[in-house]
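Protein chains in written order, with the numbering used here: chain A, 1 to 62; chain B, 101 to 162; chain C, 201 to 262; chain D, 301 to 362; chain E, 401 to 462; chain F, 501 to 562. Some notes on the structure that comes next.
Protein chains: 6
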Amino acid sequence: MPYVTVKMLEGRTDEQKKALVEKVTDAVVETTGASREKVVVFLEDMKKSEYAVGGTRLSDQD
Amino acid sequence: MPYVTVKMLEGRTDEQKKALVEKVTDAVVETTGASREKVVVFLEDMKKSEYAVGGTRLSDQD
Amino acid sequence: MPYVTVKMLEGRTDEQKKALVEKVTDAVVETTGASREKVVVFLEDMKKSEYAVGGTRLSDQD
Amino acid sequence: MPYVTVKMLEGRTDEQKKALVEKVTDAVVETTGASREKVVVFLEDMKKSEYAVGGTRLSDQD
Amino acid sequence: MPYVTVKMLEGRTDEQKKALVEKVTDAVVETTGASREKVVVFLEDMKKSEYAVGGTRLSDQD
Amino acid sequence: MPYVTVKMLEGRTDEQKKALVEKVTDAVVETTGASREKVVVFLEDMKKSEYAVGGTRLSDQD
Chain A
1 MPYVTVKMLE
11 GRTDEQKKAL
21 VEKVTDAVVE
31 TTGASREKVV
41 VFLEDMKKSE
51 YAVGGTRLSD
61 QD
Chain B
101 MPYVTVKMLE
111 GRTDEQKKAL
121 VEKVTDAVVE
131 TTGASREKVV
141 VFLEDMKKSE
151 YAVGGTRLSD
161 QD
Chain C
201 MPYVTVKMLE
211 GRTDEQKKAL
221 VEKVTDAVVE
231 TTGASREKVV
241 VFLEDMKKSE
251 YAVGGTRLSD
261 QD
Chain D
301 MPYVTVKMLE
311 GRTDEQKKAL
321 VEKVTDAVVE
331 TTGASREKVV
341 VFLEDMKKSE
351 YAVGGTRLSD
361 QD
Chain E
401 MPYVTVKMLE
411 GRTDEQKKAL
421 VEKVTDAVVE
431 TTGASREKVV
441 VFLEDMKKSE
451 YAVGGTRLSD
461 QD
Chain F
501 MPYVTVKMLE
511 GRTDEQKKAL
521 VEKVTDAVVE
531 TTGASREKVV
541 VFLEDMKKSE
551 YAVGGTRLSD
561 QD
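Below is the structure:
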């Protein structure tokens with residue numbers, strides 16, 4: 001605890017995801033006082049066909 | 101904002117998903133006064149093996 | 201099934217929420233072929249202090 | 301209702317998932333008084349590359 | 401890990417919630433082989449005005 | 501997009517939450533290349549009575 005879920009479009013590299021998890025954990029520890037080993041991060045990739053803004057999916061905008 | 105997540109069994113066509121996102125967005129705009137470009141919709145497909153009602157997964161009912 | 205979660209800023213009236221649930225259910229039934237009595241909608245209100253865009257919470261923008 | 305979501309690392313067998321759904325539903329019915337046919341369970345598998353504890357993804361620990 | 405979220409109508413007693421968490425954890429440990437101290441359970445209470453089936457909120461059915 | 505949800509025990513100060521949102525957004529922008537104004541953060545407070553580890557709620561551990 002805390003538990004962080006990051007939901008984003010698929011396509012980031014493994015390196016980006018590795019850095020993302022590390023930096024987000026740093027941010028949570030620094031600002032909430034939580035102990036590092038307790039911070040959990042879930043990554044959720046979305047396809048363009050599963051994500052819409054303003055009534056149109058990104059897959060329908062291409 | 102608002103953010104709408106639709107979780108449903110996999111199997112709908114791309115056309116159905118396109119129409120779903122559009123109509124759900126219409127419904128949100130019409131009833132909440134939110135501006136259309138701010139409405140976000142996430143679609144989440146479920147496998148029959150990931151979804152159970154009454155203690156039995158749909159994949160175990162076939 | 202399907203299961204729809206609508207996450208939005210608190211402040212909508214009870215009438216708006218009643219209409220929102222009805223119209224979203226109409227949209228889901230119309231486009232996915234799901235039977236009406238199976239469609240579930242969850243409403244989740246957010247406080248301005250729990251919601252941030254671009255690094256700033258709406259409560260810190262006032 | 302109630303709605304139970306179980307998020308866990310991928311890798312459990314189909315038999316384990318079948319038993320998991322059954323036993324979790326038993327537990328919910330026994331303790332909340334909910335009727336069995338109303339209890340819904342969603343299973344969500346996570347990849348090691350999508351799950352981090354203490355700033356490091358399990359996929360980066362191997 | 402695993403992480404279990406139970407979303408249900410508000411109104412269960414503290415005793416029921418205590419037993420629910422215990423029995424759900426038992427079920428997860430028994431069927432997935434997860435170690436007990438790693439199993440996390442989140443409880444989420446819903447108001448009748450936040451939950452609809454078939455287009456009508458439970459609060460509008462009373 | 502990306503969308504970050506931080507679920508944690510209630511009790512952090514408003515200042516901590518303000519800093520948390522800011523630093524988490526910094527981390528996401530820095531590592532994913534997302535543009536700052538697109539990053540959304542949701543904060544979700546949990547009561548001790550809604551959160552259990554190893555079969556026991558924190559409220560039952562006091």
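Yeah, the Cβ is synthetic: ideal placement off N, Cα and C, and Gly gets one too.
Asked	Found
CB contact check: F/Glu530 to chain A, cutoff 8 Å	yes
Given E/Glu422 as reference, the closest of E/Gly433, E/Lys407, E/Thr432, E/Val441 once Cα atoms are compared	E/Val441
Whole-Å CB distance - D/Leu320 paired with E/Val428, under 8 Å assumed	7 Å
Min CB distance F/Gln516 to chain A below 8 Å	yes
beta-carbon F/Leu543 near the ligand GTP non-hydrogen atom, thresh 7 Å	In terms of ligand content, the structure shown is empty, and the ligand GTP therefore cannot be addressed.
Beta-carbon gap between B/Leu143 and B/Lys118 smaller than 8 Å	no
Sequence-distant residues of its chain with Cβ nearer than 7 Å to E/Tyr425 (five each side left out)	The sequence given here places Thr at residue 425 of chain E; Tyr does not occur at that position. Once the five neighbours on either side are set aside, the close Cβ partners of E/Thr425 are Arg436, Val439, Val441.
The alpha helix (DSSP H) enclosing E/Val439, as first and last residue numbers	Looking at the DSSP string, E/Val439 is not in any alpha helix (DSSP H), and its letter there is neither H nor E.
Proximity below 8 Å, CB of C/Val204 to CB of B/Val153	no
Length of the line joining the Cα atoms of F/Met501 and B/Pro102	14 Å
First and last residue of the uninterrupted beta strand (DSSP E) at F/Thr505	503-509
Residues of its chain near C/Asp245, where Cβ-Cβ distance is below 6 Å and the 5 sequence neighbours each way are ignored	Glu210
Span of the beta strand (DSSP E) around E/Ala452	451-453
As assigned by DSSP and simplified to three states, the class of A/Thr116	Residue 116 of chain A is absent from the structure shown; chain A starts at 1 and stops at 62.
8 Å Cβ cutoff, B/Met146 in contact with chain D	yes
Proximity winner among D/Tyr351, D/Thr313, D/Gln361, D/Gly333, relative to E/Thr431 (alpha-carbon distances)	D/Thr313
Closest residue to E/Asp460 among C/Lys248, C/Val206, C/Glu215 (Cα-Cα distance)	C/Glu215
Same chain, Cβ closer than 6 Å to A/Thr56, five either side skipped, listed in chain order	none
Own chain residues within Cβ distance below 7 Å of B/Tyr151, not counting five before or after	Leu109, Arg157, Leu158
Per-residue DSSP class, three states only, for D/Thr331	helix
Proximal residues to C/Lys248 (C-beta, below 6 Å), its chain only, five neighbours per side dropped	Leu258, Ser259
Between the CA atoms of A/Ala34 and D/Thr306 - distance to the nearest angstrom	One detail in the question is off: residue 306 of chain D reads as Val in this sequence, not Thr. Each residue's Cα considered, the two are about 24 Å apart.
F/Thr513 - partner residues in DSSP beta bridges	None; F/Thr513 has no bridge partner.
Proximal chain D residues relative to E/Arg412, where beta-carbon distance stays under 7 Å	Thr332
Short-range partners of chain C found in the stretch 449-461 of chain E, where Cβ spacing is below 9 Å	Ser449, Glu450, Tyr451, Ala452, Val453, Gly454, Gly455, Thr456, Arg457, Ser459, Asp460
Contact list for F/Leu509 against chain C, beta-carbon separation under 8 Å	Per Cβ cutoff of 8 Å: no residues; F/Leu509 is ~14 Å from chain C at best.
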